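Below you'll find the structure, written out as structure tokens, and then a few comments.
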Amino acid sequence: MKKSVKECLQEWKVPRHYVGYQYLLDAADLYAQGVPVGWPMLFQIGEKRGRAMFRVRKGLYTVVKYVRATPFGLAWQAAKGHPLQVGELLFYLLEPEGQGDPLGERPANEEG
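Counting from 227, one number per residue, gives the positions in the sequence shown under our numbering.
In structure tokens:
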């Protein structure tokens, strides 16, 4: 069975005083209510907390930077070839196993 968002954050030893920590818990609550992972979710978190969207993204990015230095983040980078991103962390934490597989192949960036 997949761990909860709070269990993952505690396992990675993310400091609880990081504002992004609470945003991720809010995201889990919204996901349980049926809000899809994406911009609408971040917008609702911002409204709930009285923060602008860029503040929500900044808070989440702070947690992502921290997680990148954990064994999980380093394993992610070794497997994927790029550092963990905010959206990938959200999908990893919120999507049921086997859906929205963040470790699956990612489409290559097309350069024009």
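Cβ atoms here follow ideal geometry from the backbone N, Cα and C, with glycine treated the same way. All of these numbers come straight from a predicted model, not from anything done at the bench.
Residue environment, residue i, which counts as buried when at least 16 other CB atoms sit within 10 Å
i      : result
Gly246 : buried
Gln253 : The residue you asked about is not Gln; residue 253 is Ala in the sequence shown. Classification for Ala253: buried.
Test item: CB-CB of residue i and residue j under 8 Å
i      : j      : result
Gln270 : Val261 : yes
Leu319 : Val231 : yes
Leu315 : Val290 : yes
Inter-residue spacing [alpha-carbon to alpha-carbon] between residue i and residue j
i      : j      : result
Lys229 : Ala304 : 22 Å
Asp255 : Glu237 : 19 Å
Leu235 : Thr296 : 11 Å
His308 : Arg281 : 24 Å
Ala301 : Val240 : 17 Å
Gly276 : Gln259 : 20 Å
Chain-order list of residues whose beta-carbon lies under 8 Å from that of residue i (same chain, five-residue window excluded)
i      : result
Val312 : Arg283, Leu286, Tyr287 and Val290
Tyr257 : Val263, Met267 and Leu320
Lys274 : Asp252
7 Å CB neighbourhood of residue i in its chain, flanking five on each side removed
i      : result
Met279 : Leu268, Phe269 and Gly272
Arg242 : none
Cβ-based neighbour list, residue i, same chain, cut-off 6 Å, excluding 5 preceding and 5 following
i      : result
Gly299 : Val293 and Leu310
Unbroken stretches of the alpha helix (DSSP H), 4 residues or longer, contained in the segment 233-316: 245-258, 265-275, 279-294 and 297-306
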